[in-house]
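Colleague:
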Amino acid sequence: STGTMDLVASLVKDALPDLFTEGQVVAAEQAFHRRLAEYEMNIEQQKLFREDLRDLVELTVGRMDIYHLVGALLLEFCIHFFCENEMYEGEKLPFYVSTIFLLSNLVATGYLIFAVWLSMHASVASHSIGVRLLTRYARLSIPSRKELENIAQAPLLPLMDRFSNLAKRLGVSSATPAGVA
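Counting from 19, one number per residue, gives the positions in the sequence shown under this note's numbering.
(1) Please list, in chain order, all residues of the same chain as Val79 whose beta carbon is under 7 angstroms from its beta carbon, the five residues on each side excluded.
(2) In this structure, how does DSSP classify Lys110 when only helix, strand and coil are distinguished?
(3) Decide if the segment 45-57 is in contact with the segment 98-109; the criterion is three or more beta carbon pairs, one per stretch, under 8 angstroms apart.
(4) Kindly indicate which three-state DSSP category Glu102 falls into: helix, strand or coil?
(5) Please report how far the alpha carbon of His139 lies from the alpha carbon of Leu66, in whole angstroms.
(6) Quick one: what's got a C-beta closer than 7 angstroms to Tyr129's C-beta in the same chain, skipping five residues either side?
(7) When DSSP labels each residue in this structure, what does Gly189 get in the three-state scheme?
(8) Relative to the C-alpha of Gln64, which candidate in Gly189, Arg157 and Arg163 has its C-alpha closest?
(9) Does the distance from the C-beta atom of Cys101 to that of Asn123 stay below 7 angstroms?
(10) Tell me which residues share the same chain as Leu174 and place their Cβ nearer than 8 angstroms to its Cβ, disregarding the 5 neighbours each side in the sequence.
(11) Going by beta carbon distance, what residues of the same chain come within less than 7 angstroms of Ser137, once the five residues before and after it are set aside?
(12) Would Cys71 and Leu121 be called neighbours here (beta carbons separated by less than 7 angstroms)?
(13) Straight-line CA distance for Glu47 to Ile147?
(14) Output the distance between the C-alpha atoms of Glu76 and Leu92, rounded to the nearest integer angstrom.
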């Protein structure tokens, strides 16, 4: 009985010496919590970066949408002057005044069509650049294939090598307990 207890104590001491040192356990816990805090801070930093990108894109898209609305309203006024112009109905205007007015209105219509088109293009381009930045440069951290393979190769039981060495020293050839087939 005493011999068995001594044998078990020596086996445990040989197989698990690191578990009996409190300093190493505390250091391992601190390292784990430090690594976890580092991952959490990296994720928060990436979230803030993505949010900043979205805000900048929304600023440009919002401004271009306002330019588009104002340009469309002014374009509607210019076209309305061509369709329902009351300046010609009442009194007779001099020819040069109506010519200058119609030419100015025609030029304004051309510029407004161009402004509406460019504001639409800028809004769509800004949105697509924002999507490209979010998908290519500001992706959330996903482990690479190599990192996943390294994790898969890491021993799940770090003391398994010690147990197998102890089993070899004791002359046990199989890892299965006795009586289990």
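Each residue gets a CB set at the ideal place from its N, CA and C atoms; glycine is no exception.
Modeller: Inspection of the coordinates gives the following:
(1) Ser141, Ser144 and His145
(2) coil
(3) no
(4) coil
(5) 28 angstroms
(6) none
(7) coil
(8) Arg157
(9) no
(10) Interpretation of Leu174 is limited by its pLDDT of 49, a score under 50 that renders its predicted location unreliable; no figure is taken from the coordinates.
(11) Met82, Tyr85, His86 and Gly89
(12) First, the amino acid is wrong: residue 71 is Leu here, not Cys. No Cβ-Cβ contact shorter than 7 angstroms links Leu71 with Leu121.
(13) 43 angstroms
(14) 24 angstroms
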